[in-house]
Amino acid sequence: MTISFKDKVVVVTGAGGGLGKHYCLEYAKRGAKVVVNDLGGTLGGQGGDSKAADLVVEEIRKLGGQAVADYNNVLDGEKIIETAVKAFGTVHVVVNNAGILRDAQFKKMSDLDFQLVTDVHTNGAFKVTKAAWPYFRKQNYGRIVNTASPAGLYGNFGQANYSAAKMGLIGFAETLAKEGENHNIKANVIAPLARSRMTESILPPPILEQLGPEKVAPMVLYLSSENNTELNGEIFEVAAGFYAQIRWERSGGALFKPDDTFTPESVAKRFDEIMNFDDSSKPDLLKNQHPKMLNDYTSLVDAAHKLPENDNSGAPAVSVKGRV
Ligand code: NAI
Numbered sequence: 077m078t079i080s081f082k083d084k085v086v087v088v089t090g091a092g093g094g095l096g097k098h099y100c101l102e103y104a105k106r107g108a109k110v111v112v113n114d115l116g117g118t119l120g121g122q123g124g125d126s127k128a129a130d131l132v133v134e135e136i137r138k139l140g141g142q143a144v145a146d147y148n149n150v151l152d153g154e155k156i157i158e159t160a161v162k163a164f165g166t167v168h169v170v171v172n173n174a175g176i177l178r179d180a181q182f183k184k185m186s187d188l189d190f191q192l193v194t195d196v197h198t199n200g201a202f203k204v205t206k207a208a209w210p211y212f213r214k215q216n217y218g219r220i221v222n223t224a225s226p227a228g229l230y231g232n233f234g235q236a237n238y239s240a241a242k243m244g245l246i247g248f249a250e251t252l253a254k255e256g257e258n259h260n261i262k263a264n265v266i267a268p269l270a271r272s273r274m275t276e277s278i279l280p281p282p283i284l285e286q287l288g289p290e291k292v293a294p295m296v297l298y299l300s301s302e303n304n305t306e307l308n309g310e311i312f313e314v315a316a317g318f319y320a321q322i323r324w325e326r327s328g329g330a331l332f333k334p335d336d337t338f339t340p341e342s343v344a345k346r347f348d349e350i351m352n353f354d355d356s357s358k359p360d361l362l363k364n365q366h367p368k369m370l371n372d373y374t375s376l377v378d379a380a381h382k383l384p385e386n387d388n389s390g391a392p393a394v395s396v397k398g399r400v
């Protein structure tokens with residue numbers, strides 16, 4: 077099996093350095109027409125410089141590949157997709173990779189720290205993907221890779237803003253996976269760890285040595301390739317040559333019957349059951365609720381899934397235990 081991106085147009089955001097740059101080079105080597113997006117700001121999101129993207133494009137062209145630079149902020153996602161369409165006619169792959177850090181202990185985290193980080197990571201990914209979506213649907217083909225982080229999955233000291241933004245990208249991809257399913261659009265997520273300006277000042281050199289971006293790129297390329305016909309809405313942790321899938325696990329749970337008293341005390345009494353994973357399940361769809369849940373609830377969700385496209389006016393406002 078050879079994985080080729082011949083005739084594929086790939087947009088990688090934040091690709092002037094680090095992981096994104098490496099992805100671009102690999103895509104180009106495999107025949108892709110690449111849009112190298114980067115506004116060239118600082119790690120904290122200040123300033124801008126077209127040099128970062130230009131240098132990557134230059135490197136790709138020297139290798140005989142095809143690429144154009146784009147210097148727009150991901151929050152102007154439509155302009156980035158416009159660059160792709162103007163240069164290459166359409167877009168097949170979006171890698172939402174742009175990112176900034178504004179770490180601070182939560183007690184010191186400002187509104188601006190929280191907003192700028194969620195803007196670049198989550199809202200930026202929304203804007204770029206939203207602009208690419210009509211092309212994906214029209215050509216019945218699209219691949220999206222969102223970049224989450226172990227900090228989003230597990231939390232990390234000083235990164236409340238970043239963790240929230242990264243976890244948001246997971247829910248975003250999981251819903252796109254479901255909405256894109258019938259249009260051959262696949263959206264997946266990676267949670268990487270790699271050597272870049274984001275980690276260079278916090279990890280010791282012997283560890284950094286093992287965290288080359290070339291160890292993350294293969295997963296991104298596979299997920300966004302035509303060869304990926306199955307994986308959709310999945311999350312993968314990728315670092316130092318280790319590739320693993322992350323999924324949710326729900327405990328066997330406790331069902332409180334109508335004749336039980338619905339009080340905090342009765343919940344407290346049954347926490348052993350609520351947290352017992354002996355009889356656990358791996359939910360991956362809102363409607364795949366635990367059999368212990370009410371039948372009425374399940375049919376409500378089924379009804380929501382059957383709503384005609386573009387009509388969510390009558391969708392029930394669902395709020396469920398577990399993943400929601
Ligand atoms: P990086 O700082 O080298 O790359 C991020 C790039 O995004 C920079 O070149 C920056 O100029 C660009 N960027 C920032 N804001 C932008 C905006 N508004 N519009 C367009 N471009 C913008 O860092 P790295 O490590 O390569 O990060 C890539 C992605 O991987 C990020 O989303 C990061 O959060 C994520 N990640 C990285 C990890 C690591 O260990 N390096 C760990 C977990 C996640």
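Per our numbering, the sequence shown starts with residue 77, numbered consecutively. Ideal placement from N, C-alpha and C gives every residue a C-beta, glycine not left out.
Please report the straight-line C-alpha distance between S225 and S239, rounded to a whole angstrom.
8 Å
Measure the C-alpha to C-alpha separation of D372 and I350 and round it to an integer number of angstroms.
Its pLDDT being 49, under 50, D372 is placed unreliably by the model, and nothing is read from it.
Using DSSP with H/G/I as helix, E/B as strand and the rest coil, what is T89?
coil
D452 versus G116: straight-line alpha-carbon distance, rounded
It is not possible to answer for residue 452, since the shown part of the chain is limited to 77 through 400.
Tell me, please, which residues DSSP counts as bridged to E313.
A267 and A320
Touching or not, the segment 185-197 and the segment 96-103, by the rule of three or more beta carbon pairs under 8 Å?
no
Limits of the beta strand (DSSP E) - the one that R219 falls within
From DSSP, the beta strand (DSSP E) with R219 extends over G218 to T223.
May I ask you to check if the CB of R273 is nearer than 7 Å to at least one heavy atom of the ligand NAI?
Residue side-chain check: R273 places its Cβ nearer than 7 Å to a non-hydrogen atom of the ligand NAI.
Any beta strand (DSSP E) of 3 or more consecutive residues that is wholly inside the segment 236-307
List check, beta strand (DSSP E) in window: 261-269.
Pick from A253, K82, E313 and A145: whose alpha carbon is nearest that of R323?
E313
With a 10 Å radius around its C-beta and 16 neighbouring C-beta atoms as the bar for buried, classify A344 as buried or exposed.
A344 is exposed by the Cβ-count criterion.
Does the Cβ of I220 lie closer than 7 Å to at least one heavy atom of the ligand NAI?
Judged by the Cβ position, I220 fails to qualify as a neighbour of the ligand NAI at the 7 Å threshold, every heavy atom of the ligand being at least this far.
Closer than 7 Å: N113 CB and nearest the ligand NAI heavy atom:
yes
In its own chain, which residues sit with a C-beta less than 7 Å from the C-beta of D83, not counting the 5 before and 5 after it?
Counting only Cβ-Cβ distances below 7 Å, and skipping sequence neighbours, we find nothing.
With burial defined as no fewer than 16 other Cβ atoms inside 10 Å of the residue's Cβ, what is the status of Q235: buried or exposed?
buried
Under 8 Å between C-beta atoms of A143 and A207:
Going by C-beta atoms, A143 is not nearer than 8 Å to A207.
What's the C-alpha gap between N222 and T198?
Rounded to the nearest angstrom, the two C-alpha atoms are 9 Å apart.
Ignoring anything shorter than 4 residues or poking outside the segment 323-356, list the alpha helix (DSSP H) runs there in chain order.
Within the segment 323-356, the complete alpha helix (DSSP H) runs of at least 4 residues are 340-345 and 347-350.
Say yes only if the C-beta of N149 is nearer than 7 Å to one or more non-hydrogen atoms of the ligand NAI, and no if none qualify.
If you check the C-beta of N149 against the ligand NAI, you find a heavy atom less than 7 Å away.
Counting Cβ pairs closer than 8 Å, one from the segment 285-293 and one from the segment 244-261, do we hit at least three?
With the cut-off at 8 Å, the segment 285-293 and the segment 244-261 do not touch.
Which residue from A91, G140 and S327 puts its Cα closest to that of P289?
Comparing Cα positions, the closest option is A91.
Say yes only if the C-beta of L119 is nearer than 7 Å to one or more non-hydrogen atoms of the ligand NAI, and no if none qualify.
yes
By Cβ distance below 8 Å, which residues in the same chain neighbour T194 in space, the five residues on each side in sequence not counted?
N237, A240, A241 and G244
Closest Cα partner of V88 within the set L284, N148 and D348
N148
Who are A143's beta bridge partners in DSSP?
V110
Same chain only: Cβ atoms within 7 Å of E276, ignoring 5 sequence neighbours per side
L284
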